[in-house]
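Notes for the one structure printed next.
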Amino acid sequence: MRKVIEKWYHRYFSNEESTYLVFTVVIACCILFFLGEILTPLFVAIILAYLMQGGVEMLKKWSVPHIAAVGVVFTFFIGLLAACLFGLLPLAWSQALKLIDDQLPVWLRKAQDGLSNLATSYPDYFSESQAQALSQNMQAKIGEWGELLLSLSIHSVPNVIGLMIFLVLVPVLVFFLLKDKDKLVGDIVQLLPHKRPIMNQVWSEMNRQMSNYVRGKVLEIFIVGAVTYACFTFVGLKYAALISLMVGLSVLIPFIGAALATIPVFVVAYFQMGWGSDLATVMVIYAILQAIDGNILVPLLFSEAVNLHPVAIVTAVLVFGGLWGVWGVFFAIPLATLVKALWTAWPTHQPESSETLV
4 MRKVIEKWYH RYFSNEESTY LVFTVVIACC ILFFLGEILT PLFVAIILAY LMQGGVEMLK
64 KWSVPHIAAV GVVFTFFIGL LAACLFGLLP LAWSQALKLI DDQLPVWLRK AQDGLSNLAT
124 SYPDYFSESQ AQALSQNMQA KIGEWGELLL SLSIHSVPNV IGLMIFLVLV PVLVFFLLKD
184 KDKLVGDIVQ LLPHKRPIMN QVWSEMNRQM SNYVRGKVLE IFIVGAVTYA CFTFVGLKYA
244 ALISLMVGLS VLIPFIGAAL ATIPVFVVAY FQMGWGSDLA TVMVIYAILQ AIDGNILVPL
304 LFSEAVNLHP VAIVTAVLVF GGLWGVWGVF FAIPLATLVK ALWTAWPTHQ PESSETLV
């Protein structure tokens, strides 16, 4: 047994670079686990700067000076951020409040009436006492949600202050990350060994995959959300901004997100339009949008992405989402690709003799 372990260790860890790889992965995991919440603004700024670096490089190819290219891209970023903060988010928030204040009680009464009718129509399968119990349970849950919203509003002042600091700090970090990118990368490279062919191979592969995935995913969110908003507004569906925001963000979770987003679409359409052709129209439009996203938009945006088995994708979403929440879900596929790249490129020492273990 000891000889087996020694041979296994000698095969996979005898290379000096493998030690650096293990050390780097362990340090990165420790930083994310212990300091992830504290360093969230820095991580968000790194992601945003990474997204915008492509624009900077494109402008530099057109003979635009580096600082001017950074200024143009950063100005566009600030404008887009302002449009989201003062346009989309307030609209979605106002629709969410209106939904809770105006429609939720109406939906509750309709649900209670439906339960009563169910008990009347099918007394052998559904008794009046069961209908009353379900109705009381629904009222209790809604009361709990109301208390939760009230507590959040009472304790919202520290959260608002923290959000304001976050919104100021992240753009500042983004600007300096874009401006001093070469210097910062050079400082990090100096900490690595001079001969690092495996690290270079893994980084080259991950840089290509990450850029394709992150930029493609952000573009997919905007396209799906915008087209959904336009279609639902055209058919007169209420709360179109709120629903389209949820549908757009649902693409972050492969396979599962589309199924989850179907629930609010169906609920809002049903209580507004009832059973009939209007409800069928909304659901057909939603199904067509999902089909276009899955069969046209995703292959177009992620044509160069590494193919991963659906089981591997769902497992990555569960594992990384459980570890790092929303960001883990967002980067589940790139992280799974990183694991695959490390596994493929890991240096191994082949035994000189052809003897086998019995």
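My numbering applies: residue 4 is where the sequence shown begins, and numbers increase by one. Even glycine gets a Cβ: it sits at the ideal position worked out from N, Cα and C. Remember, it's a predicted structure, so these values are computed and weren't measured experimentally.
Item                                                                                                                 : Value
6 Å Cβ shell around lysine 6 - same chain, five flanking residues per side excluded                                  : none
Residue nearest to isoleucine 266 in terms of C-alpha spacing, selected from Gly279, Pro68 and Ser247                : Ser247
Among Gln275, Lys182, Leu263 and Gln98, the one whose alpha carbon lies nearest that of isoleucine 1                 : This structure gives no information on residue 1, because the portion of the chain shown stretches from 4 to 361.
CA-to-CA distance, valine 317 to proline 257, given in whole angstroms                                               : 7 Å
Alpha-carbon to alpha-carbon, alanine 233 and methionine 249                                                         : 14 Å
At least 3 beta-carbon pairs within less than 8 Å: the stretch 200-218 vs the stretch 65-85                          : no
8 Å CB neighbourhood of leucine 255 in its chain, flanking five on each side removed                                 : Lys220, Ile224, Val329, Val332 and Phe333
Whole-angstrom distance between valine 73 and phenylalanine 179, CA atom to CA atom                                  : 9 Å
Straight-line gap, tryptophan 346 to methionine 202 (C-alpha atoms, nearest Å)                                       : 12 Å
Beta-carbon gap between threonine 231 and leucine 282 smaller than 8 Å                                               : no
Own chain partners of leucine 321 with C-beta closer than 8 Å, once the 5 adjacent residues on each side are dropped : none
8 Å CB neighbourhood of proline 93 in its chain, flanking five on each side removed                                  : none
Glycine 90 classed as buried or exposed, judged by whether at least 16 other C-beta atoms fall within 10 angstroms   : exposed
Closest Cα partner of leucine 45 within the set Gly117, Phe169, Leu102 and Gly325                                    : Phe169
Local conformation of histidine 197 per DSSP, three classes                                                          : coil
N-terminal and C-terminal residue of the alpha helix (DSSP H) that glutamate 40 is part of                           : Note, glutamate 40: premise wrong, no alpha helix (DSSP H); not H, not E.
Closest by C-alpha distance to glutamine 56, when choosing among Met213, Val29 and Ser124                            : Met213
Glycine 82 burial status per 10 Å Cβ neighbour count (16 or more: buried)                                            : exposed
Distance, valine 238 Cα to alanine 244 Cα                                                                            : 13 Å
Where the alpha helix (DSSP H) through tryptophan 65 begins and ends                                                 : Careful: tryptophan 65 lies outside any alpha helix (DSSP H) and carries neither H nor E.
Phenylalanine 80 - DSSP class collapsed to helix/strand/coil                                                         : helix
Rounded C-alpha distance that separates leucine 240 from tyrosine 273                                                : 10 Å
Bounding residues of the alpha helix (DSSP H) (the contiguous stretch that carries glycine 328)                      : 313-333
Reference valine 217; option with closest CA among Val171, Phe305 and Ile191                                         : Phe305
Candidates Asp296, Ala294, Gly297 and Val268: closest to methionine 286 by CA position                               : Val268
Exposure label - phenylalanine 323; buried when at least 16 CB within 10 Å                                           : buried
Boundaries of the alpha helix (DSSP H) in which phenylalanine 269 is found, first to last residue                    : 259-276
Residue span of the alpha helix (DSSP H) that contains aspartate 190, given as start and end                         : 184-192
Three-state secondary structure (DSSP) of tryptophan 349                                                             : coil
Secondary structure of glycine 239, DSSP reduced to three states                                                     : coil
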